[in-house]
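Structure first, then comments.
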């Protein structure tokens, strides 16, 4: 299974992103599972993860201690409800969880969850009194917003001080939202910021109280299997971030989403430090059509039509997904903090109409552009945009010779390019999150005769080399592959093979995503028959293999490094495998013998880099881009906000002024579909990266001609 991030969920992800055949799931869970059934699930899941995971690490005291820490973080990622004193009370469990799980014992999971609910109620009672009393917003004090690296509060006293500041910040944020919305009507502030229509005349204090009450209610509604899911997923995450236990309900949701049977907004979501973060906006989906939602944005509240927003901070991602999806043509309201605008940004409400994703928007697309070479001659460049490595597995399994395939679509585009006599081709894999391994291999085969494409390591003694066996080449001319940090998994396999064969030039961010592992899913129900039991037990998803390029280097963590690097916002964002806790390390294995397709690439690359850097330095748009990236880095590193209203407003307006200047550049990769349709020529002009890619390819064509001419002259 090729995916970006554990518990990252596509709303309307298509079935071709699976590399295994999905099983149907009967909705059997009419009655809550018994204690014995929960214990059986625990024994099965813990045994499988310890014996079948790629790391082959047994359940021992080391795993127990890591699980102990991870479960606290799972319940309280913002370190807001537990103190060091609380953790000490549970220390007796630290080194015994491995032994308990082998017998199916889960006392710790439920004891800590019960304590967590108690803490939530204490937080509500304490902050409600503060909200009734009111806060002094003229006082100079700060709050650390991003607490992922913060330490746990020492004791109850420090907890309550943190609670006070959080409640004060919640109220202050709503006060500033109201002010920004009011001034926005006069176009003196951000006219996109507006309160949710259901808020009416409620005060910020009333809204904060309501949000807290709703959050507690959601956690109280969790059934025992939901709590066990949190616990067993904590165990799985200790092994690596892409492994997880899925309860029957989560598994059913997962399967339905993969089959495009649910309606949502068209976005890839992940859980990050208690926030629901946008990893990617899906081409052709409702969110992209609306145009406001971007990668790295954080959703902090969700509301349905005519209802009040529900605070989703620290809420499990599966529950957030259930709130976001719904019937077609209904509205969902997302309260969002824009990722590009830092911690002083005002949350804004985005209304998105739920709909299906048009599969045509996920397909490969091709177009031809004309560029002028150094000698003044015009060159035709074919551009292929590939959002994912898709494949209709069901149709292929049934023997349909015309099943949907990214390779087949790209091959057709290349045939059209050949008819138009293109001089070079650029394949745009920016934000391509991966897909079918089979398609990655076949697509590589369009550009090479035959040979190894990728190595798959299942264990130290089992390394399988995957080959392209088709001798035919669809295109053998100059090739460039455009990448960014959101190019992952199958996209990295293709890019790595193109680089290792010296078949083309890679350009883009400093490296790709770094997702170099393979996951599989075991349905626990299939093991119950051996125990004489039958009940819905869910599934365990775990990493069982790792990808390696044919040069022996893993794509894990480091990804694939382009030959020519551009300055980029995504390069500055905290995305990529290296930012995930417990990620498997990078390593190497033996190189596989393979051909090289260019005798000139090593010779020409230094000159190509030199020309590209010179153009970037002379291009005012690249200069502005670099300036904006520096500003973004500065904003991103700031983790504290002022709780003084006057100062906070000043910080907001100052940063907003800077961000207004960069807003045009921030839209380079993420214009909405309507904007692309209505302003396609303008969009092309504004894509700095593609424009520079065209310039690099034009240089490459010139240099190749000169190098070949010199070689012929020398031969004479």
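Residue numbers (the working numbering): 808 to 1523.
We put the CB at the ideal spot given by N, CA and C, even for glycine.
Predicted, not measured: the structure shown is a model, and the values here were computed from it.
For residue 896, no beta strand (DSSP E) encloses it; the enclosing alpha helix (DSSP H) starts and ends at 891-896. Residue 1170 has its alpha-carbon roughly 9 Å from the corresponding atom of residue 1211. Between residue 879 and residue 889, the C-beta spacing is below 7 Å. Spanning the alpha carbons of residue 1504 and residue 1376 requires a straight line of approximately 23 Å. A residue is called buried when at least 16 other Cβ atoms come within 10 angstroms of its Cβ; residue 851 meets this threshold and is buried. A Cβ-Cβ distance of about 19 Å is found for the pair residue 1412 and residue 1230, leaving them out of contact under the 8 Å criterion. Looking at the DSSP output, residue 1269 bridges to 1266. With fewer than 16 neighbouring CB atoms inside 10 Å of its own CB, residue 843 falls in the exposed class.
For the pair of segments examined, the segment 907-915 was found not to touch the segment 980-987: the number of CB pairs separated by less than 8 Å stays below three. Burial check for residue 1332: the Cβ neighbour count within 10 Å reaches 16 or more, so the residue is buried.
Annotated three-state conformation of residue 1076 is strand, per DSSP. Residue 1308 places its beta carbon less than 7 Å from that of residue 1404.
Rounded to the nearest whole angstrom, the C-alpha separation of residue 1136 and residue 988 is 27 Å. The beta strand (DSSP E) runs of length 3 or more contained entirely in the segment 1219-1263 are, from start to end of the chain, 1231-1235.
Residue state for residue 921 is assigned as helix, using DSSP reduced to three classes. Per DSSP, the beta bridge partners of residue 1287 are 1233 and 1312. The beta carbon of residue 1237 lies closer than 8 Å to those of 1289, 1290, 1291, 1293, 1294, 1315, 1476 and 1496 in the same chain, with the five residues before and after it left out. For residue 906, the enclosing alpha helix (DSSP H) covers residues 904-909.
With respect to residue 951, residue 908 sits apart: the two C-beta atoms are not nearer than 7 Å. Put simply, of 1082, 1501, 1516 and 1515 the residue whose alpha carbon is nearest the alpha carbon of residue 1180 is 1501. If you ignore the 5 residues before and after residue 1011, its C-beta comes within less than 6 Å of the C-beta of 978, 981 and 982, all in its own chain and listed in chain order. Nearest neighbour of residue 1396 by Cα position, chosen from 1265, 1384, 917 and 919, turns out to be 1265. A distance below 8 Å between beta-carbons, with the five flanking residues on each side excluded, links residue 901 to the following residues of its chain, in chain order: 871, 872 and 875. Taking C-beta atoms as the reference points, residue 1075 and residue 1106 fail to come closer than 7 Å. Taking every protein chain shown into account, the CB of residue 1269 has fewer than 16 other CB atoms within 10 angstroms, so this residue is exposed.
Of the candidates 1346, 1059, 1326 and 1401, 1346 places its Cα closest to the Cα of residue 1334. Around the beta carbon of residue 1228, fewer than 16 other beta carbons sit within 10 angstroms, so the residue counts as exposed. In this structure residue 946 is exposed. Its beta-carbon is surrounded by fewer than 16 other beta-carbon atoms within 10 angstroms. Contact annotation: residue 1506 and residue 1420 have beta-carbon atoms that are not nearer than 7 Å. Going by beta carbons, residue 1362 and residue 1462 fall outside the 7 Å limit. A check of alpha carbon separations from residue 1371 across 1338, 1422 and 1341 identifies 1422 as the nearest. Exclusion of the five residues before and after residue 1038 leaves 878, 913 and 916 as the residues of its chain whose Cβ lies within less than 7 Å of its Cβ. Within the model, the alpha-carbon separation for residue 940 versus residue 1160 is close to 39 Å. Linking residue 1119 to residue 964 through their CA atoms gives a straight-line distance of about 26 Å. Pairing residue 1430 with residue 1437, the inter-Cα distance amounts to about 11 Å.
Put simply, of 1276, 1401, 1338 and 1222 the residue whose alpha carbon is nearest the alpha carbon of residue 1283 is 1222.
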